Amino acid sequence: MTAYLLRRLLYAVPILIGVNLLTFALFFLVNTPDDMARLHLGVKRVTPEAVQKWKAERGYDKPLLFNAGAAGLAKVSDTIFFRHSLAMFAFRFGASDDGRDIAGEIKTRMWPSLAIALPTFVIGLAVDISVALILLFFRRTYVEWTGVVALVAMMSVSSLFYIIGGQYLFAKVWQLAPISGYQDGFNAARFVWLPILIGVVGGIGAGARWYRTLFLEEAGKDYVRTARAKGLSEARVLFRHILKNGMVPILTGAVAVFPLLFMGSLIMESFFGIPGLGSYTIDAINAQDFAIVRAMVFLGAVLYIAGLILTDVSYTLVDPRVRLR
Amino acid sequence: MRPVFFCLLVFVLSACSGPMNDPYPKSEDGKAILYSAFDEPPKHLDPARSYASNEVVYLAQIYEPPLQYHYFKRPYELIPLTASALPRPVYVDADGRPLGADAPAERIAESVYEIHIRPGIYFQPHAAFAGKRELTAADYVYEVKRLAHPGLHSPIFGLMSDYIVGLRELGTELERAAKTSRGWLDMRRYPLAGAQVVDRYTYRIRVKGKYPQFVYWLAMAFFAPMPWEVDAWASRPEAVADNRTLDTWPVGTGPYMMTEHRYNRRIRLARNPNFRGEAYPDAGAAGDAAAGLLADAGKTMPFIDEAVYTKESESIPYWNKFLQGWYDSSGIGSDNFDQAVRVGAGGESELTPAMRAKGIALKTSVATTSFYTGFNMLDPVVGGLDERHRKLRQALAIAVDIEEYIAIFANGRGIPAQGPLPPGLFGYRDGAAGINPVVYDWVAGKPRRKPIAEARRLLAEAGYPDGRDAATGKPLVLNLDTMARGPDDKARLDWLRKQFRKLDIELVVRGTDYNRFQDKMREGTEQIFEWGWNADYPDPENFLFLLYGPNRKVGAGGENATNYVNPEFDRLFVQMKDMDNGPARQAVIDRMVAMLRQDSPWLFGFHPKDYVLHHAWLKNVKPNQMANNGLKYRRIDVAARATARKAWNRPHWAGPVLAVLVLAVALVPAWLAYRKRQEARAR
Amino acid sequence: MPVLLWTDALIFLLVAGLAGFAYLVRRHPHLAVPWRRVAADPLAMAAAVVLLCFTAVAVLDSLHYRPALPPGPNGEAQYAAEVNSVLDRALAVLVEHQEKSYSAPFATRLFAKEAISLPDGRTVRDYPRLAWGGAHLADPDRGRAGDIAGKAGLGLALGLAAWLPAAWLVRRRLAAGGARRAVLATLLAVCLVAGVLAVLAPYYHVFGTDKVGQDVLYATIKSIRTGVLIGALTTLVTLPLAIGLGVSAGYFGGRVDDAVQYLYTTLNSIPGVLLIAAAVLLMQAQLETHPDWFETGAERADLRLLFLCLILGMTNWTGLARLLRAETLKVRELDYVIAARAFGVSDGRILTRHILPNVQHIVLISVVMDFSGLVLAEAVLSYVGVGVDPGMMSFGNMINGARLELAREPVVWWQLVAAFLFMFVLVLAANLFADSVRDALDPRTRSRT
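Chains as they are written, first to last, in UniProt numbering: chain A, 1 to 325; chain B, 1 to 683; chain C, 1 to 449.
Below, the structure is given as structure tokens:
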């Protein structure tokens with residue numbers, strides 16, 4: 001087990017290097033350091049000397065990948081790539097282009113993101129599974145048929161409509177929640193319940209449908225038929241057998257996305273003014289803050305890989321037959 | 001699951017009494033706190049480098065330069081803030097001999113400003129100070145030197161080093177010093193000939209030549225005082241790591257001090273306990289007294305205890321929260337305009353009954369801003385000063401119907417520009433004498449845009465009859481370079497295309513991001529672009545320099561974005577900028593403006609009118625285009641605000657309850673089906 | 001002068017490909033079996049009819065040309081710089097009927113009051129009459145309802161008249177059953193809606209007008225092409241990559257497998273929106289530096305759309321490649337493939353003869369399943385600011401613009417509702433059809449029921 005985990009972790013290194021190289025190439029092709037300098041120095045009265053100075057201060061005046069002018073190891077290490085990209089492996093994200101510590105920002109902004117993403121995820125999971133079970137329970141009745149069509153209809157609505165409509169109705173017309181904003185601690189409940197509600201409702205269509213197919217697959221298996229043939233009640237079959245066995249792929253799937261919850265939701269957060277990592281990322285895209293976007297990409301990749309590893313581990317926990325070698 | 005969720009909801013509701021949508025903590029109830037918002041976080045709060053309008057909002061409350069604008073008087077008038085009187089420049093010639101006030105500009109080698117500040121002014125409490133720290137002249141001198149600091153990239157360093165004696169040399173010296181020592185550069189160790197302490201409360205600034213506009217700079221935060229202790233304190237590595245640099249935490253003598261700065265989330269200013277107290281003005285422009293603006297005359301400012309600025313990235317939430325009473329004042333977006341304002345038959349604006357019922361008040365003022373559409377004079381198609389190209393630009397100037405633009409996109413909030421100068425500045429001319437004869441006729445006491453036939457005639461003379469090149473027959477295609485790409489911009493760009501189509505010219509919109517746009521502007525590869533300029537100070541020089549040849553963008557990196565170079569104009573500019581306001585200066589300005597109208601390097605857009613709404617409980621509001629330190633004048637009627645908020649934010653339960661009921665009814669068939677199945681099984 | 005934009009070419013290619021595939025299916029009975037199941041599903045067939053209508057609009061909107069101008073002085077032909085499509089020509093009346101600003105659906109007056117100068121020199125403040133909407137009415141306040149009802153009736157009759165021959169054709173070609181009834185009913189609905197719109201649209205703004213007075217119905221119809229293109233082309237342009245890499249990874253294994261797996265794990269691990277945002281910014285920069293790539297604004301927007309499809313595809317192909325790899329791994333071990341290899345059949349031949357036909361259902365399922373997701377993604381990307389060209393009409397741009405209108409009072413709802421309706425119908429149809437296709441083609445679900 002330990003050996004396996006170690007191998008997986010080692011395997012993650014080249015992937016992260018690849019991610020790093022890719023984003024590095026993308027961002028330096030889009031945004032040369034000159035561009036960044038001008039963006040951050042402001043609009044009025046910017047001189048070329050000021051641009052040069054700005055670059056020098058942030059180490060953006062160095063060659064990209066290879067420094068021919070330096071000696072020995074410095075040929076490689078005294079470059080933008082080495083100083084700005086590889087440092088991230090130590091989670092040293094450095095400062096954003098406007099000079100603020102990115103790691104610190106991520107630490108404080110993580111919590112508002114989680115305050116929305118985690119409940120949305122957990123409640124969403126519960127609601128979706130319940131709806132899927134209800135549909136299964138009413139199998140081959142008109143309830144199932146209308147339910148499935150309703151689910152397809154719900155997933156055909158753009159997520160933007162859920163957010164726009166939800167915010168308009170609950171916050172503006174009915175005045176049940178603040179239109180936007182956030183406060184730390186217990187007060188957060190007042191701000192997050194609406195985004196959570198919208199997130200859950202918006203996710204029912206796709207989520208419940210997916211779980212329904214999982215359950216259907218399970219319901220088609222022989223042991224379920226046997227159980228039913230034994231005369232077990234429908235509810236018992238549903239909960240004792242189908243739900244229990246269906247939970248394995250559901251939970252392992254949930255584990256895979258779990259780490260990514262930290263990244264927050266881009267659109268929900270910016271609509272509701274939640275100061276989380278999602279709105280942080282959007283702001284960075286709009287402000288073309290190279291350092292932040294790069295850090296977020298790296299963080300996302302790390303969390304994704306963490307999710308993959310967690311999934312594998314959870315398989316062994318749920319199903320003892322699976323051995324990791 | 002739904003009942004559980006519903007219970008949670010009820011729990012949340014019961015947890016907070018008062019309006020359910022209150023975005024502020026309970027602890028702030030009943031306090032004299034002003035609530036406002038920002039859409040982009042301030043990037044620089046260091047007075048030596050801050051130049052953006054969203055930064056001065058905070059700086060102007062905290063830092064006190066020697067001068068300020070009178071808040072109520074119009075035209076704008078400089079008055080002392082920390083200085084004891086307005087400084088009068090003493091002119092000296094090349095040999096250092098003093099000259100009279102009316103000496104000719106070419107004989108003046110230097111203007112010397114001696115500024116005396118009032119004793120008994122104290123800085124806000126700060127960890128860097130041992131006790132109460134008094135403001136001294138040395139603090140002002142220290143800040144002037146900081147303009148040359150190599151690490152600060154002060155945006156006015158280039159400009160000021162042309163004027164302040166020795167500033168450029170100081171910059172070079174500091175650069176050398178910065179290379180050898182990392183960390184704090186103690187400005188006290190580097191003398192500057194152009195800024196010197198005379199005594200504890202007096203300092204002297206030496207400016208090269210005659211530069212009458214210099215006093216306006218003395219009312220900006222660039223010339224605010226900076227105590228060396230704070231600079232040293234904020235330069236420590238610990239402070240830098242803690243984001244407590246001067247760029248994030250200003251320290252000043254003003255009525256407010258920053259008590260919270262959560263980057264991109266919230267900024268809180270609170271009353272500075274060491275503030276000396278300033279009396280509310282007892283005079284203003286005509287009508288101010290009648291409007292109740294002088295009711296607090298003589299009382300000690302500031303009135304408000306705190307000001308909280310929250311991040312609000314979108315305009316819709318801001319507007320809705322303003323209507324619910326959570327923000328105290330608001331601008332009006334073009335989409336909210338109809339809801340808020342009715343334009344009377346005579347063109348005057350008044351609030352809608354719904355707004356008036358809420359007690360909301362409207363304040364308007366013409367901004368000292370010019371929006372324009374620029375032609376790149378280096379472009380082979382639209383540029384060039386010869387007759388042919390000039391006529392093309394003139395034709396376009398007639399075709400683009402700015403009046404319609406203002407009506408649709410600014411809801412009539414603006415006046416069509418007749419030249420580069422906005423009203424309120426010296427040199428601006430009103431009425432028939434002030435119209436742009438290239439685009440307008442004066443008909444029945446009003447400017448009227450020339451008919452499109454006139455534009456077509458000019459276009460034909462320019463060599464493009466019916467929008468097609470007379471030589472080749474190819475249709476004329478022009479390109480607009482813009483970084484606009486929001487949803488609102490699409491409508492605007494569609495409209496602009498429509499204008500060009502009037503002349504059968506196809507306008508291609510080349511959307512681009514900020515960096516690319518800046519690149520193009522710098523390289524001069526753009527063709528047509530949209531641009532604007534906000535006055536730094538109320539002097540025509542601040543607008544006309546935007547067309548001064550040596551100040552062009554391509555090659556010189558200046559602010560002349562169209563790269564317009566007309567030697568005659570440049571000659572007049574040099575003459576105009578040093579003149580004192582008077583008929584002679586007006587005559588020169590008239591000639592310059594006439595030249596610009598003929599050459600049309602700008603398609604003059606409009607001068608926007610600023611509309612500000614505020615609730616009845618916010619007192620002493622008067623828009624001021626120049627002064628930004630308005631917070632100290634404001635007063636809030638806290639009780640009235642609390643009552644209104646409560647009345648306006650009653651939750652409406654009927655909707656959600658109905659929704660839940662509908663959902664429940666929808667589940668009835670399912671329940672029936674279940675019952676049926678149970679019965680079937682039982683049987 | 002006809003103009004062939006890049007996306008036009010691709011959409012024609014796609015239509016041709018679909019036709020070719022249909023021909024192939026008809027020729028080979030074993031391929032036709034699952035499709036017959038789709039054809040028997042009423043819901044799927046109804047969805048297919050709707051999808052076909054949307055596609056027809058998209059194709060019509062892809063036949064681009066530049067209108068001719070009177071010849072120049074040297075006599076050679078000259079063309080306008082503006083690029084139109086056949087659809088624009090058909091909807092010319094909507095383009096022409098431009099008002100000044102907002103007006104509600106079926107309104108005869110502008111949405112906001114304006115100062116109107118009376119003939120006697122006085123100015124009053126009132127809602128001005130629209131230039132086109134209901135302009136034929138003498139007294140708009142009284143005659144309107146009757147006029148609309150009359151025109152709607154006429155439209156219904158016209159729709160019915162158009163439906164009859166189509167119905168006759170359908171009855172002849174399709175076997176009786178639920179599916180045929182569904183097709184007929186859907187056709188009827190489409191014909192009636194189209195008939196009513198066709199009669200009413202020249203006289204009223206059925207969906208109102210937007211901020212600059214443009215007819216919202218026109219914008220909505222134009223958005224269809226963008227939506228369909230993004231949904232369809234994105235998968236198409238990256239199919240070669242996904243199939244090539246996925247299948248070869250599964251078939252060859254070893255180093256190739258490692259490399260492909262590395263590639264898609266790396267791409268997958270980057271958060272999609274960030275990758276797209278970065279790539280779109282890059283693409284914009286490239287377009288900026290190469291103004292010679294396009295002659296007109298339409299070509300520029302088109303190129304941007306194409307690149308957006310490519311970029312979306314880049315982040316999307318990994319999923320398909322992974323599925324294909326897994327399936328190929330299974331197929332590779334089938335007896336007859338092993339036998340073929342033992343007989344020394346070349347790899348290329350095995351791949352085309354044995355492997356590809358056995359994994360084609362995965363490709364098809366993936367294409368139809370991705371369609372709706374991509375249409376929805378376009379809207380989100382437009383919100384983030386990295387979507388299609390802002391000058392291009394698309395559902396995302398419409399929603400994004402309409403968002404601001406919700407803050408108005410009284411609220412301007414029609415643009416949002418129009419975009420919602422059309423987008424919903426398109427995505428719903430795509431989802432329903434995709435479901436049916438998956439049920440029919442996927443052996444897993446096939447065995448279930």
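All C-beta atoms, glycine included, are put in the ideal place defined by N, C-alpha and C. Every value quoted in this text rests on a predicted model; they were computed, and no experiment measured them.
Asked, Found
"Which class does A:Ala95 belong to by DSSP, given the choice of helix, strand or coil?", "strand"
"Ignore the nearest five residues each way along the sequence and tell me which others in residue 453 of chain C's own chain have a CB closer than 7 Å to its CB.", "The requested residue 453 of chain C is not part of the displayed model; chain C covers only 1 to 449."
"Rounded to whole angstroms, what's the CA-CA distance from A:Val173 to B:Trp648? Just pull it up for me.", "12 Å"
"C:Ile116 lies in the alpha helix (DSSP H); which residues open and close that run?", "No alpha helix (DSSP H) holds C:Ile116; the beta strand (DSSP E) holding it covers 114-117."
"Given a cut-off of 9 Å, decide if C:Asn358 and C:Ser382 are closer than it, judged by their beta-carbon atoms.", "no"
"Is the beta carbon of B:Pro23 closer than 9 Å to that of B:Thr310?", "yes"
"Compare the C-alpha of B:Phe222 against each of B:Glu64, B:Arg276, B:Asn411, B:Arg393 and name the closest.", "B:Glu64"
"For B:Trp184, decide whether its Cβ has a neighbour in chain A, counting only Cβ atoms nearer than 9 Å.", "no"
"Going by DSSP, what residue range makes up the alpha helix (DSSP H) through C:Phe21?", "6-27"
"CA-CA distance, C:Ala162 and C:Ala47?", "20 Å"
"Taking buried to mean at least 16 other C-beta atoms within 10 Å of its own C-beta, is A:Thr2 buried or exposed?", "exposed"
"Please go through the segment 123-207 of chain B and give each complete alpha helix (DSSP H) segment of 4 or more residues, from N-terminal end onward.", "137-146, 157-161, 167-180"
"Anything in chain B within Cβ reach of C:Asp210, meaning under 8 Å, just list it in chain order.", "Ala491"
"With a cut-off of 8 Å on the beta carbons, I'd call C:Pro34 and C:Leu441 a contact; round off their distance for me.", "5 Å"
"According to DSSP, B:His607 sits in a beta bridge with which residue or residues?", "B:Ile415"
"Specify the secondary structure class of B:Met1 as computed by DSSP and reduced to three states.", "A caution first: B:Met1 carries a pLDDT of 44, below 50, which makes its placement in the model too unreliable to give a value."
"In angstroms with no decimal places, state the Cα-to-Cα distance between C:Ile311 and A:Met263.", "22 Å"
"Helix, strand or coil: how does DSSP classify B:Ser330 here?", "strand"
"If I measure Cβ to Cβ from B:Glu278 and keep anything under 6 Å in the same chain, skipping five residues before and after, which residues do I get?", "Met301"
"Anything in chain A within Cβ reach of C:Val273, meaning under 7 Å, just list it in chain order.", "Leu266"
"Can B:Lys43 and B:Ala52 be called in contact, C-beta distance under 9 Å?", "yes"
"At a CB distance below 8 Å, what residues from the segment 321-345 of chain B approach chain C? Give them in sequence order.", "Gly333, Asp335, Asn336, Asp338, Gln339, Arg342, Val343, Gly344, Ala345"
"What separation, rounded to the nearest whole angstrom, lies between the Cα atoms of B:Leu81 and B:Gly524?", "43 Å"
"Considering only the beta carbon of each residue, do B:Gln213 and B:Asn534 sit closer than 9 Å?", "no"
"Taking buried to mean at least 16 other C-beta atoms within 10 Å of its own C-beta, is B:Val93 buried or exposed?", "According to the sequence as given, residue 93 of chain B is Asp; it is not Val. Looking at its Cβ environment, which holds fewer than 16 other Cβ atoms inside 10 Å, B:Asp93 is exposed."
"Any C-beta of chain C within less than 7 Å: which residues of the segment 490-521 of chain B qualify?", "Lys490, Ala491, Leu493, Asp494, Trp495, Glu506, Val508, Val509, Gly511, Thr512, Asp513, Arg516"
"Quick one: Cα of C:Trp168 to Cα of A:Gly166, how far?", "46 Å"
"Going by DSSP, name the residue or residues bridged to C:Thr123.", "C:Ser117"
"Name, please, each residue of chain C whose Cβ falls closer than 7 Å to the Cβ of A:Val157.", "Phe424"
"For B:Glu568, list the residues DSSP reports as bridge partners.", "Note: B:Glu568 sits in no beta bridge, so no partner."
"So which of C:Tyr204, C:Asp302, C:Val386, C:Arg173 has the shortest CA-CA distance to C:Arg225?", "C:Asp302"
"Apply the 10 Å Cβ neighbour rule to A:Gln175 and answer buried if 16 or more other Cβ atoms are within range, or exposed otherwise.", "buried"
"If contact means a Cβ-Cβ distance below 8 Å, which residues of the segment 228-243 of chain B contact chain A?", "Ala241, Asn243"
"If you check the beta carbons only, do C:Ser223 and C:Ser394 fall under 9 Å apart?", "yes"
"Would you tell me roughly how many angstroms separate the C-alpha atoms of C:Ala340 and C:Ile350, rounded to the nearest one?", "7 Å"
"Determine, for C:Phe12, whether the minimum Cβ-Cβ distance to residues of chain A falls below 9 Å.", "no"
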